[in-house]
Each structure stands twice: as C-alpha cells, then as structure tokens.
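Peer 1: For the sequence shown, position 36 matches number 36 in this note's numbering, and the numbering has no gaps at all.
We put the beta carbon where it would ideally sit given N, CA and C, even for glycine.
Pasting in a structure now, in structure tokens, and then I'll have a few things to ask.
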Amino acid sequence: MSTLEEDATFEEDAIAANQAMNDALSFALMDDDGSKHRLADHRCLPRKQKRIFRHDQALHCIRQDYLGIPGDNSTPLFTGNRFDMMFRCSRPRFDCFMEDFGASGIPFYTNTTDAFGKAGASLEAKLLLPLKTIAYGVPSHTFTDYFQMSETLARDCCTYFFSTIRQLYAAKYLRVPNSADLLSLSKLHEAVHGIRGLIFSLDCMHTSWKNCPVAYQGSFTGKEGKPTIVLEGGGGSSHVLLACFVRVCWDIERPEHS
1 MSTLEEDATF EEDAIAANQA MNDALSFALM DDDGSKHRLA DHRCLPRKQK RIFRHDQALH
61 CIRQDYLGIP GDNSTPLFTG NRFDMMFRCS RPRFDCFMED FGASGIPFYT NTTDAFGKAG
121 ASLEAKLLLP LKTIAYGVPS HTFTDYFQMS ETLARDCCTY FFSTIRQLYA AKYLRVPNSA
181 DLLSLSKLHE AVHGIRGLIF SLDCMHTSWK NCPVAYQGSF TGKEGKPTIV LEGGGGSSHV
241 LLACFVRVCW DIERPEHS
C-alpha cells in the first residue's frame, strides 16, 4: 500500500470515529420522548443562594445568654462560674478585653459595618468566638451558627485575636523577668509558703502528639494510652508568665528555649 493510500485510509478512519462520537453524544442528549435538548449554559444555571447572616440577632442572643440586656434583670442566663466554664475566662477579664480591644485602634475591631454599609459582626461576637474556640479546642468554624459568621470571618476572628493579645499584653505578661521581679517573688513565697528561693509555681499538661513518628511512639506513650508531649509553664501571683517550654523527652529539658 502506498503512502497516499495509507493517508487516505487514516483520514477515513478519523472521520468515521468522529461521526460515531457525535452519534453517541446525540443519543445521550435525547429525552425520553425522542426529542433533543441543548446543553445548558453555565451562565444560565441558577446560582447558589447567598447566605445572609443576622448579626443583630446574634448580638441579641449573646447579650441574652452571657452579657445581659440593659434594663432586663432576667438576663444574662449564664453568669458567674457558668460564664467561666463556657469560655475559660472570667467576666471581669472579658470586660477588660472589650475595653482594650475596642480602644486598640485596629480596624477589624473598630469597624462594625461591612463593605456594603450594613451592620457587621459585633465586637462581642468577635471576642467570644475565639475564646470559646480556645476553651473547647475545636476549629474556628464550630460556633459559626450561633455567632452568625462565615467560616472566613470566624478564622479571621481567631487570627486577629491571637495577634492582638500579643500586641496588647506581651510587654506585661510575656516578658522575661528581671532581677527585681525575681527578688520580689522570692520574698513573697518565703513570706506566704515559708520556702526560701521559690520563684514561681510550675504546672504542666499532656497534649496529644498526633504526628509522632512510629519509632518514638513507645517512648512518648504513657498513662494516656497515646503519644503525648508535656507543656510546662510557670506563673507568678501577678499572672505574669515567667517560663514556658515543651518537654519532648523525659530526661532532657531545655528551659533555655523558654
């Protein structure tokens, strides 16, 4: 067979294959009654309904449950220890957060309207959501239904909360203690507990090590029944964090990295 004959045969096979594909597509687009219908243009398809968040209702629920409605003595519903249990934060401490965050000048907390000029999430919601997320150790979108927020806004609330906490309180509560602080703490503990040279009270907690290498799992598995690492921290009577480090091995401590 010559080259011209081979090219002609290949062209005929390609035409036949293309025709067969078109026939199959036409059969797939045929309705039950035998009539054809056209493929729908994606621009003509109905769009997903936009979610509308009622920030005013969320603020009303927050005040009714936790903060209280002015003039209504029956609110709030959760007070005292119940507020502490919900957010792992006392109500006076939260009031300090409200005052400090509101006066921080950060647009995320001072602007209460969205891009369309409508009322956005309140300062109360932007602070309570990250506090509750931290308290229960869950993802930021867990409580978006109660606080009436999108997943993106909930994540931004946590991100801004962590950065603002460091910006506002790091100089006071996360600083390295100086010699005067250590001497004052030593005298305080000696007067209260009768122990000379005591600087701070140490506390620790076990946290799960999800991605622990298989070779290390035996060494890091204890009474919890799963690999854990130890977070240790020490604080003084003024709530200042004096030391914080991670113990990754029982016989090796690295407080110099605290």
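1. Given this structure, state the Cα-to-Cα distance separating Ser-140 from Thr-152, to the nearest angstrom.
2. Near Ile-52, what residues of its chain come up, given a Cβ to Cβ distance below 8 Å and the 5 sequence neighbours on each side ignored?
3. Could you give the C-beta distance for Lys-126 and Tyr-109, rounded to a whole number, given that I count them as a contact under 8 Å?
4. Between which two residues does the beta strand (DSSP E) containing Leu-202 stretch?
5. If you drop the 5 nearest sequence neighbours on each side, which residues of the same chain put their C-beta closer than 7 Å to that of Leu-168?
6. Cα separation between Pro-92 and Thr-207?
7. Would you mind giving the Cβ-Cβ distance between His-55 and Ser-163, rounded to the nearest angstrom? I have them listed as a contact below 8 Å.
8. Determine the DSSP secondary structure at Met-170, reduced to helix, strand or coil.
9. Does the beta-carbon distance from Cys-212 to Pro-227 come in below 7 Å?
10. Find the nearest neighbour of Tyr-136 within the set Thr-112, Leu-67, Ser-186, Met-85, judged by alpha-carbon distance.
11. Under 8 Å Cβ to Cβ from Ile-106, same chain only, skipping five residues before and after it: list those, please.
12. From the DSSP output, in three-state form, read off Ile-229 for me.
13. Can you give the Cα-Cα distance for Asn-111 and Arg-63, rounded to whole angstroms?
14. Report the three-state DSSP secondary structure of Thr-133 (helix, strand or coil).
15. Within 10 Å of its beta-carbon, does Tyr-66 have 16 or more other beta-carbons around it, so buried, or fewer, so exposed?
16. CA-CA distance, Ser-219 and Gly-194?
17. Anyone know if the C-beta pair for Gly-233 and Phe-200 falls short of 7 Å?
18. Name the DSSP beta bridge partners of Ala-20, please?
19. Who are Thr-221's beta bridge partners in DSSP?
20. From Asp-156 to Leu-231, what does the alpha carbon distance come to, in whole angstroms?
21. Using the Cα positions of Cys-89 and Phe-83, report the straight-line distance between them to the nearest angstrom.
22. Beta-carbon separation of Gly-120 and Thr-113 under 7 Å?
Peer 2: The answer reads as follows:
1. Position 140 of the sequence shown, counting from 1, holds the residue named residue 140. Position 152 of the sequence shown, counting from 1, holds the residue named residue 152. Rounded to whole angstroms, Ser-140 to Thr-152 spans 9 Å at the Cα level.
2. Along the sequence shown, read from residue 1 onward, the residue named residue 52 stands at position 52. The answer is none, since no qualifying residue turns up.
3. Start at 1 with the first residue of the sequence shown, and residue 126 comes out as number 126. Start at 1 with the first residue of the sequence shown, and residue 109 comes out as number 109. Yes, they are in contact, since the Cβ atoms of Lys-126 and Tyr-109 sit about 6 Å apart, within 8 Å.
4. Translated into the one-based positions of the sequence shown, residue 202 becomes position 202. Start and end: 201-208.
5. Mapped onto the sequence shown, residue 168 falls at position 168. Contacts found: Asp-100, Ser-104.
6. Against the sequence shown, residue 92 aligns to sequence position 92. Against the sequence shown, residue 207 aligns to sequence position 207. Taking the straight line joining both Cα atoms gives about 29 Å.
7. Numbered from its first residue, the sequence shown carries residue 55 at position 55. Numbered from its first residue, the sequence shown carries residue 163 at position 163. In fact, because the Cβ distance is near 23 Å, the residues do not count as touching under 8 Å.
8. Position 170 of the sequence shown, counted from the start, is the residue given in the question as residue 170. A quick correction: the sequence has Ala, not Met, at residue 170. DSSP places Ala-170 in helix when its eight states are reduced to three.
9. Sequence index remark: in the sequence shown, residue 212 carries index 212 (1-based). Sequence index remark: in the sequence shown, residue 227 carries index 227 (1-based). Cβ atoms of Cys-212 and Pro-227: closer than 7 Å.
10. Your numbering for residue 136 matches position 136 in the sequence shown. Nearest C-alpha to Tyr-136: Met-85.
11. By one-based count along the sequence shown, residue 106 stands at place 106. Result list for Ile-106: Tyr-160, Thr-164, in chain order.
12. Here residue 229 refers to the residue found at position 229 when the sequence shown is read from its first residue. Reduced to three states, the DSSP call for Ile-229 is strand.
13. Residue mapping note: residue 111 aligns to position 111 of the sequence shown, counting from 1. Residue mapping note: residue 63 aligns to position 63 of the sequence shown, counting from 1. If I take the Cα positions, the gap works out to 20 Å.
14. Here residue 133 refers to the residue found at position 133 of the sequence shown. Here Thr-133 sits in helix by DSSP.
15. For this step, residue 66 is matched to residue 66 along the sequence shown. Under this definition Tyr-66 is a buried residue.
16. Looking up residue 219 in the sequence shown gives position 219. Looking up residue 194 in the sequence shown gives position 194. Roughly 38 Å separates the two Cα atoms.
17. As a working note, residue 233 is residue 233 in the sequence shown. As a working note, residue 200 is residue 200 in the sequence shown. Contact flag unset, no.
18. Residue numbering aside, residue 20 sits at position 20 when the sequence shown is read from its first letter. Answer is none; Ala-20 lacks a bridge partner.
19. As a position in the sequence shown, residue 221 is number 221, starting the count at 1. Thr-221 pairs with Pro-227.
20. Position 156 of the sequence shown holds residue 156. Position 231 of the sequence shown holds residue 231. Rounded to the nearest angstrom, the two C-alpha atoms are 26 Å apart.
21. Within the sequence shown, the letter at position 89 stands for residue 89. Within the sequence shown, the letter at position 83 stands for residue 83. Cys-89 and Phe-83: Cα-Cα distance of roughly 7 Å.
22. Residue 120 sits at position 120 when you count from the first residue of the sequence shown. Residue 113 sits at position 113 when you count from the first residue of the sequence shown. Closer than 7 Å, so yes.
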